[in-house]
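Chemist: This is the structure I have questions about; it appears just below.
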Amino acid sequence: MLMKEYRICMPLTVDEYKIGQLYMISKHSSEQSGGGEGVEVVRNEPCTDPKHGAGQITEKRIYLNSKLPTWIRKFVPMLFYITETAWNFYPYTVTEYTCSFLPRFHVKIETHFENDNGCDENVFGDDPTLKDNVCFLDILSDPIPDKHYKKSEDLSNWVSQKTGRGPLVDGWRNTTKPIMCSYKRVTCSFEVYGFQGRTEDFIHRNIRDILLVGHRQAVAWIDEWHGMTLEQVREYERKQQEETNSKLKSDITCTDSAPPVRPGLTRSISVTDESSLKKMGIKTVDMPSPSSLKNPMRLNSTPE
Numbered sequence: 001m002l003m004k005e006y007r008i009c010m011p012l013t014v015d016e017y018k019i020g021q022l023y024m025i026s027k028h029s030s031e032q033s034g035g036g037e038g039v040e041v042v043r044n045e046p047c048t049d050p051k052h053g054a055g056q057i058t059e060k061r062i063y064l065n066s067k068l069p070t071w072i073r074k075f076v077p078m079l080f081y082i083t084e085t086a087w088n089f090y091p092y093t094v095t096e097y098t099c100s101f102l103p104r105f106h107v108k109i110e111t112h113f114e115n116d117n118g119c120d121e122n123v124f125g126d127d128p129t130l131k132d133n134v135c136f137l138d139i140l141s142d143p144i145p146d147k148h149y150k151k152s153e154d155l156s157n158w159v160s161q162k163t164g165r166g167p168l169v170d171g172w173r174n175t176t177k178p179i180m181c182s183y184k185r186v187t188c189s190f191e192v193y194g195f196q197g198r199t200e201d202f203i204h205r206n207i208r209d210i211l212l213v214g215h216r217q218a219v220a221w222i223d224e225w226h227g228m229t230l231e232q233v234r235e236y237e238r239k240q241q242e243e244t245n246s247k248l249k250s251d252i253t254c255t256d257s258a259p260p261v262r263p264g265l266t267r268s269i270s271v272t273d274e275s276s277l278k279k280m281g282i283k284t285v286d287m288p289s290p291s292s293l294k295n296p297m298r299l300n301s302t303p304e
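Going by full-length UniProt numbering, the letters in the sequence shown line up with residues 1 to 304, in that order.
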C-alpha cells in the first residue's frame with residue numbers, strides 16, 4: 001500500500017472553487033469521452049452523513065483501456081472500466097476507485113480544501129503525513145503530458161477578464177491573493193504478488209498528472225464558471241452527464257456489435273506462470289515456485 005499527500009494551490013477562494021470544481025469535472029469528463037472511452041455517470045444524488053451533514057454522492061464508470069500501459073492491456077478485457085464513487089461534503093470529500101475485474105485494486109482519495117497556501121501540516125486532523133510523502137504540485141511550472149497541453153490553459157499567459165487575476169509568475173504561491181489549497185491524501189493498493197510496486201507507482205504517476213491538469217483547467221476556465229450559482233452549475237452538470245452517457249452508450253453498442261479482435265481473452269493468466277510473467281517484463285528469479293504456493297493467485301481476463 002502506497003500513501004502520498006498532494007497539495008495543489010490555486011488563485012481562488014474555497015467558496016469559488018465549490019462552483020469551479022463541479023464545472024471543471026463536468027467539462028473535462030465530456031472532453032475525455034469518445035470512441036468507447038470516457039466517463040459514464042451511473043448516479044448523482046443527495047446524501048447525508050452523521051459527521052459531515054448533507055452532501056452529494058456520485059458514482060461513475062470510467063472506461064480507459066487505451067490509457068493503460070501495454071503490459072496491463074495484455075490481460076484485461078476490451079470493455080474495461082473503473083468504478084468511481086465520490087462523497088462530496090464540501091469542503092471535505094472522499095473518492096474511492098475499485099474494479100470488479102481486479103478485486104485487489106483500490107484507490108482512496110481524501111480531500112480538504114482550505115484558504116491557505118498549503119502550510120497546514122495536519123489538515124486531516126489525525127497523524128501528520130510524513131514529509132517524504134508530501135508532494136507540492138505547481139499548476140504553473142510542473143510539467144504535464146504533451147497531449148494535455150493547451151496554450152489557452154497555460155497559466156503563465158492566463159488573464160481572467162471577469163476577475164482581473166493572472167498571469168501567474170514564479171513564486172506566486174507566496175504572493176498571490178486570494179489563494180487556496182487542495183489537500184489530497186491518496187492511498188492506493190494492488191495486492192497481487194509481482195505486480196504491486198509497479199502498478200502502485202503507475203497509479204500515482206497518473207493521479208499526479210490528473211491533478212495537475214484538472215486544477216490548471218479549473219483556473220484557466222474561470223471566466224466560464226465564475227458567477228454561476230450552485231443551481232446553475234448543477235444544471236450544467238446534468239446536461240453534460242446526459243450528453244456524455246449518450247455518447248458512451250452509442251460507442252459501446254457499436255463495439256459490442258463489431259467482430260471480436262482479440263479472440264484469446266477467455267483464458268486466464270496465472271501470476272505464477274513464469275513464461276507469462278517474462279512476457280510482461282517481470283523478472284522471476286526471486287519468485288517462489290508454484291508448488292510452494294498454497295493458493296496461486298489468478299487474474300481472470302473477463303470481468304467477474
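Glycine residues also receive a C-beta, built at the ideal position from the N, C-alpha and C atoms. If you're wondering where the values come from, they're calculated on a predicted model, not measured in any experiment.
#1: Which stretch, first to last residue, makes up the beta strand (DSSP E) that contains residue 10?
#2: Would you say the region 110 to 122 touches the region 189 to 203, given that touching needs at least three Cβ pairs under 8 angstroms?
#3: How would you label residue 324, buried or exposed, when you count the other beta carbons within 10 angstroms and need 16 or more for buried?
#4: Let me know the secondary structure DSSP gives residue 101 once reduced to three states.
#5: Using the DSSP secondary-structure output, state which residues sit across from residue 88 in a beta bridge.
#6: Measuring alpha carbon to alpha carbon, tell me which of 224, 97, 58 ends up nearest residue 89.
#7: Quick check: what's the CA-CA separation for residue 136 versus residue 7?
#8: Would you say residue 162 and residue 223 are within 9 angstroms of each other, going by their C-beta atoms?
#9: Could you pull the start and end residues of the alpha helix (DSSP H) that residue 227 belongs to?
#10: Does residue 54 pass the burial test, meaning 16 or more other C-beta atoms within 10 Å, or should it be called exposed?
#11: Using the beta-carbon count (16 or more within 10 Å), is residue 184 buried or exposed?
#12: Determine, using beta carbons only, whether residue 379 and residue 24 come nearer to each other than 9 angstroms.
#13: Count the other CB atoms, across all protein chains shown, that sit within 10 Å of the CB of residue 164; report buried if there are 16 or more and exposed otherwise.
#14: For residue 5, which residues of its own chain have a beta-carbon under 8 angstroms away from its beta-carbon, when the five flanking residues on both sides are left out?
#15: Taking the straight line between their C-alpha atoms, what separation do you get for residue 86 and residue 48?
#16: On the DSSP bridge assignment, give the partners of residue 110 in chain order.
#17: Could you please give the first and the last residue of the uninterrupted alpha helix (DSSP H) stretch that includes residue 137?
#18: Please go through the same chain and pick out, in chain order, the residues whose beta-carbon is closer than 6 angstroms to the beta-carbon of residue 243, but skip the five residues on each side of it.
#19: Since I believe residue 228 is in contact with residue 12 (beta carbons under 8 angstroms), could you give me their beta-carbon distance rounded to a whole number of angstroms?
#20: Applying the 10 Å Cβ sphere with the 16-neighbour rule, what's the burial state of residue 17?
#21: Can you say whether residue 60 is buried or exposed, counting buried as having 16 or more other CB atoms within 10 angstroms of its CB?
#22: Measuring straight from C-alpha to C-alpha, what distance separates residue 189 and residue 230?
Modeler: So, from the data block:
#1: Your numbering for residue 10 matches position 10 in the sequence shown. Where residue 10 is concerned, the enclosing beta strand (DSSP E) stretches over 2 to 10.
#2: No: fewer than three Cβ pairs fall under 8 angstroms.
#3: The chain is shown only over 1 to 304; residue 324 falls outside these bounds and no answer can be derived.
#4: For the purposes of this step, residue 101 is identified with residue 101 of the sequence shown, where counting begins at 1. Reduced to three states, the DSSP call for residue 101 is coil.
#5: Taking the sequence shown and counting its residues from 1, one reaches residue 88 at position 88. Beta-bridge pairing links residue 88 to 56, 93.
#6: Position 89 of the sequence shown, counting from 1, holds the residue named residue 89. Answer by Cα proximity: 58.
#7: The count along the sequence shown starts at 1 and reaches residue 136 at position 136. The count along the sequence shown starts at 1 and reaches residue 7 at position 7. Approximately 5 angstroms, taken between the alpha carbons.
#8: Numbered from 1 along the sequence shown, position 162 holds the residue referred to as residue 162. Numbered from 1 along the sequence shown, position 223 holds the residue referred to as residue 223. Yes, the pair counts as a contact, with Cβ atoms nearer than the cut-off.
#9: Mapped onto the sequence shown, residue 227 falls at position 227. In the DSSP assignment, residue 227 falls outside any alpha helix (DSSP H) and carries neither an H nor an E.
#10: For the purposes of this step, residue 54 is taken as the residue at position 54 of the sequence shown. Residue 54 is exposed by the Cβ-count criterion.
#11: What you label residue 184 is simply residue 184 of the sequence shown in a count that begins at 1. It counts as buried.
#12: This structure does not reach residue 379, given that the chain is present from 1 up to 304, and the question cannot be answered.
#13: Within the sequence shown, numbered from 1, the residue matching residue 164 stands at position 164. With a threshold of 16 other beta carbon atoms within 10 Å, residue 164 falls short and is exposed.
#14: As a working mapping, residue 5 is identified with position 5 in the sequence shown. Correct list, in chain order: 129, 133, 134, 135, 183, 184, 185, 186.
#15: Reading the sequence shown from its first residue, position 86 is the one you call residue 86. Reading the sequence shown from its first residue, position 48 is the one you call residue 48. For the pair residue 86 and residue 48, the Cα-to-Cα distance works out to about 13 angstroms.
#16: For this step, residue 110 is matched to residue 110 along the sequence shown. Partner(s): 94, 185.
#17: If you number the sequence shown from 1, residue 137 lands on position 137. Element bounds for residue 137: not the alpha helix (DSSP H) but the beta strand (DSSP E), 134 to 137.
#18: Numbered from its first residue, the sequence shown carries residue 243 at position 243. Excluding residues up to 5 positions away in sequence, nothing lies with its Cβ nearer than 6 angstroms to the Cβ of residue 243 in the same chain.
#19: Position 12 of the sequence shown, counting from 1, holds the residue named residue 12. Position 228 of the sequence shown, counting from 1, holds the residue named residue 228. Approximately 14 angstroms separates the beta-carbon atoms of residue 12 and residue 228; this is outside 8 angstroms, ruling out the contact.
#20: On the sequence shown, residue 17 is found 17 positions in, with the first residue counted as 1. The Cβ neighbour count for residue 17, taken over all protein chains shown within 10 Å, is at least 16; the residue is labelled buried.
#21: Residue 60 sits at position 60 when you count from the first residue of the sequence shown. For residue 60, the number of other beta carbons within 10 angstroms of its own is at least 16, and it is reported as buried.
#22: On the sequence shown, residue 189 is found 189 positions in, with the first residue counted as 1. On the sequence shown, residue 230 is found 230 positions in, with the first residue counted as 1. Their Cα atoms are separated by approximately 35 angstroms.
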